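Working notes for the structure below.
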Amino acid sequence: MNTHPAPHRPGPLPTSMQVENGQLRHLLTVEGLGRPLIEQILDNAESFAGMNDQGVKKLPLLRGKTVANLFFEASTRTRTTFELAAKRLSADVLSLNMNASATTKGETLLDTLRNLEAMQCDMFVVRHADSGAAHFIARHVAPHISVINAGDGRHAHPTQALLDVFTIRRHKGELSKLRVAIVGDVLHSRVARSQIHALNTLATGEVRVIGPRTLLPAAVEQLGVQVYHSMEQGLKDVDVVIMLRLQKERMQGAFIPSEHEYFLRYGLDAKRLALAHPEAIVMHPGPANRGVEIASEVADGPQSVILQQVTYGLSVRMAVMSMVMGVSPQVRA
Amino acid sequence: MNPSSALPDVESLLDHMADALRVPLAEHGGSACLIGIHTGGIWVAEGLHRRLGLDQAMGTLDITYYRDDLSRGGLHPHIRPSRLPWSVDDQLVILVDDVLHTGRTVRAALNEIFDFGRPARVLFATLVDRGGHELPISADVIGARYDDLLPTQRIKLSGPDPLMLTLVEREASAQ
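In the order they appear, the protein sequences are chains A and B.
What the first sequence shows, in UniProt numbering, is residues 1 to 333, in sequence order.
What the second sequence shows, in UniProt numbering, is residues 1 to 175, in sequence order.
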């Protein structure tokens, strides 16, 4: 029996916190968004994906708006893609490394927010090590400001989950016929939690989680997933394999005997991938620990769509940013 | 125009427009990038593409993201990616729409085209010019012109097969 405690999570988020009058106001979590709204985000992302053909990869949607990237936790890929997405929508962008800024000099977070509001910012993109941080900021910002959660603690990473389902939809089509396996450190992963909510909201055929008991949250099956502790059984006939990064920095005890042992039991190599559907795709939110959760032959292999996820991440973030600013088509949730 | 008056046959308007385009096309060596604006403009462009016998495939443009009224909301929820399957640099571009009214759609389309490159020349062809221009924009090739429509009247192209022009009262279309 799994006796591991469930990770800390903020309380349930009322839908009205994110959606006002049918419009996406903030994006803090995938939970409660509703299928029509998620599908609208994906459809809008599809229309942005086409602009890669343009000589000038810029749209005028957020011209005159100012986006502040508030990264209280280190991140390169997510910060860069949010920054690029905002710039491609013609916004002005401030990227602030909050670890090196005023909050370390004693200024409270709310003081910092007030200052950024006084600089006429329109949107905050927030990455924070504490669960619920983006939610807290959304509660305290001025009414004209939208907040996008770029990952908070172990709670949620909604844009990553949405770009993942966008990737699956682009490669495999209708989700109701698919088996999707999420493999590895689900316990410490905000991405996995958001992926499960997104996949279930879109009525995915079957969602599996595969991992050692020590890396799966208690009662994970209550999220609507099939639980496997064996890669060999869990990967059988799946259409999509989503590998998770082993979150070594969030582990304070011995969750696994060793990285080598982990790879032997839960690493994805070509032999194990052969158990999945022959046309299965392999995904990873990055950065990947090669030789720990995924072998290089698979990460760089023909079934890998890891780099496409990065490209699609731009389109999905453009869709979300334009929707919270009210300049993209909306759907009544 | 009297609401009950018959509107012209679209196929004959397309014949007339194609004839008018042959001269500038010949000046550019018979080669042009034909671009239709979603949705009616694409139907008109398809008719012109067939008549002109152009070698190059047709391009399509969805100008939604370039509209000047984005902040006022009310956009259509389905936006199709623009597809220009060739470089517009130094080319003759023939931009096609079904109805020219305020000119704002054409303004947005020109902005979008220039984000793809720098054409040598842009011609604008419209099936109907219904007047009411709000910008200094006019068409180079016009199928039919109506200068006496009431503010409550608009001309709608239905299609794609058959293409048909109808006069719609705004109250009726809003239902």
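For each residue, glycine too, the CB sits at the ideal point set by N, CA and C.
Small disclaimer: the values here were computed from a predicted structure and weren't measured.
| task | Assign residue 155 of chain B to buried or exposed, taking buried as 16 or more other Cβ atoms, counted over all protein chains shown, within 10 Å of its Cβ. | result | Residue numbering aside, residue 155 of chain B sits at position 155 when the second sequence is read from its first letter. Residue 155 of chain B should be labelled buried.
| When A:234, A:285, A:312 and A:215 are compared against residue 275 of chain A, the one with the closest alpha-carbon | The count along the first sequence starts at 1 and reaches residue 275 of chain A at position 275. If we check each option's Cα against that of residue 275 of chain A, A:234 comes out closest.
| Is it true that the CB of residue 273 of chain A sits closer than 8 angstroms to the CB of residue 262 of chain A? | Position 262 of the first sequence, counted from the start, is the residue given in the question as residue 262 of chain A. Position 273 of the first sequence, counted from the start, is the residue given in the question as residue 273 of chain A. Cβ atoms of residue 262 of chain A and residue 273 of chain A: not closer than 8 angstroms.
| message | Would residue 92 of chain B and residue 31 of chain B qualify as a contact pair, given that the criterion is a beta-carbon distance under 8 angstroms? | response | Position 92 of the second sequence, counting from 1, holds the residue named residue 92 of chain B. Position 31 of the second sequence, counting from 1, holds the residue named residue 31 of chain B. Result yes, Cβ atoms of residue 92 of chain B and residue 31 of chain B sit closer than 8 angstroms.
| task | From the DSSP output, in three-state form, read off residue 315 of chain A for me. | result | The residue labelled residue 315 of chain A in the question sits at position 315 within the first sequence. Reduced to three states, the DSSP call for residue 315 of chain A is helix.
| In its own chain, which residues sit with a C-beta less than 8 angstroms from the C-beta of residue 232 of chain A, not counting the 5 before and 5 after it? | Against the first sequence, residue 232 of chain A aligns to sequence position 232. Excluding sequence neighbours, residue 232 of chain A sits near 272 and 275.
| query | For residue 84 of chain A, which of A:321, A:243 and A:330 has the nearest alpha-carbon? | reply | The count along the first sequence starts at 1 and reaches residue 84 of chain A at position 84. Selected option, being the one with the closest Cα: A:321.
| query | Between the C-alpha atoms of residue 302 of chain A and residue 270 of chain A, what's the straight-line distance to the nearest angstrom? | reply | Here residue 302 of chain A refers to the residue found at position 302 when the first sequence is read from its first residue. Here residue 270 of chain A refers to the residue found at position 270 when the first sequence is read from its first residue. Using only the alpha carbons, I get a separation of about 11 angstroms.
| task | Kindly list, in the order they appear in chain A, the residues whose Cβ is closer than 9 angstroms to that of residue 81 of chain B. | result | Numbered from its first residue, the second sequence carries residue 81 of chain B at position 81. Within chain A, the residues near residue 81 of chain B are 46, 47, 48, 49, 50, 51 and 53.
| For residue 174 of chain A, the first and last residue of its enclosing alpha helix (DSSP H) | On the first sequence, position 174 is the one that residue 174 of chain A refers to. That residue, residue 174 of chain A, is in no alpha helix (DSSP H); it is neither H nor E in DSSP.
| query | What is the rounded straight-line gap between the Cα of residue 267 of chain A and the Cα of residue 72 of chain A? | reply | Mapped onto the first sequence, residue 267 of chain A falls at position 267. Mapped onto the first sequence, residue 72 of chain A falls at position 72. Distance between the alpha carbons of residue 267 of chain A and residue 72 of chain A is about 31 angstroms.
| query | Secondary structure at residue 32 of chain B, three-state DSSP: helix, strand or coil? | reply | Sequence index remark: in the second sequence, residue 32 of chain B carries index 32 (1-based). Reduced to three states, the DSSP call for residue 32 of chain B is coil.
| query | So what does DSSP say about residue 58 of chain B, is it helix, strand or coil? | reply | Reading the second sequence from its first residue, position 58 is the one you call residue 58 of chain B. Three-state DSSP puts residue 58 of chain B in coil, outside helix and strand.
| request: Let me know the secondary structure DSSP gives residue 289 of chain A once reduced to three states. | output: Residue mapping note: residue 289 of chain A aligns to position 289 of the first sequence, counting from 1. Three-state result, residue 289 of chain A: coil.
| Simplified DSSP assignment, three categories, for residue 220 of chain A | As a working note, residue 220 of chain A is residue 220 in the first sequence. It is helical.
| said: Pull the bridge partners of residue 51 of chain B from the DSSP assignment, please. | reply: Counted from its first residue, the second sequence places residue 51 of chain B at position 51. None; residue 51 of chain B has no bridge partner.
| task | Could you pull out every residue in the same chain whose Cβ sits closer than 6 angstroms to the Cβ of residue 67 of chain A, ignoring the five residues on either side in sequence? | result | Position 67 of the first sequence, counting from 1, holds the residue named residue 67 of chain A. Cβ neighbours of residue 67 of chain A beyond the five flanking positions: 86, 91, 93 and 123.
| Got a sec: is the Cβ-Cβ distance from residue 60 of chain A to anything in chain B below 8 angstroms? | Numbered from its first residue, the first sequence carries residue 60 of chain A at position 60. So, interface residue.
| message | Using a Cβ-Cβ cutoff of less than 6 angstroms, which residues in the same chain neighbour residue 365 of chain A once the five nearest sequence positions on both sides are dropped? | response | Because chain A in this structure spans residues 1 to 333, residue 365 of chain A falls outside the shown range and cannot be described.
| query | Going straight from the alpha carbon of residue 110 of chain B to that of residue 217 of chain A, what length do you get? | reply | Locating residue 110 of chain B in the second sequence gives position 110, where the first residue counts as 1. Locating residue 217 of chain A in the first sequence gives position 217, where the first residue counts as 1. Those two C-alpha atoms are separated by around 54 angstroms.
| request: List the endpoints of the continuous beta strand (DSSP E) containing residue 113 of chain B. | output: Residue 113 of chain B sits at position 113 when you count from the first residue of the second sequence. Where residue 113 of chain B is concerned, there is no enclosing beta strand (DSSP E), although the alpha helix (DSSP H) it sits in stretches over 104 to 116.
| field | Own chain, CB closer than 8 angstroms to residue 90 of chain B, minus 5 neighbours either side, in chain order | value | In the second sequence, counting from the first residue as 1, residue 90 of chain B sits at position 90. Within the same chain, residue 90 of chain B has close Cβ partners 118, 119 and 120.
| field | Three CB pairs or more closer than 8 angstroms across the stretch 99 to 109 of chain B and the stretch 128 to 139 of chain B | value | yes
| field | Buried/exposed call for residue 11 of chain B, threshold 16 Cβ in 10 Å | value | Counted from its first residue, the second sequence places residue 11 of chain B at position 11. Exposed: under 16 other Cβ atoms inside 10 Å.
| Going along the stretch 306 to 329 of chain A in order, which residues come within less than 8 angstroms of chain B, judged by CB to CB distance? | 326, 327, 328 and 329
| said: Between which residues of its own chain and residue 198 of chain A is the CB-CB distance below 7 angstroms, once the five residues before and five after are set aside? | reply: For this step, residue 198 of chain A is matched to residue 198 along the first sequence. Cβ neighbours of residue 198 of chain A beyond the five flanking positions: 30, 38, 161, 162 and 165.
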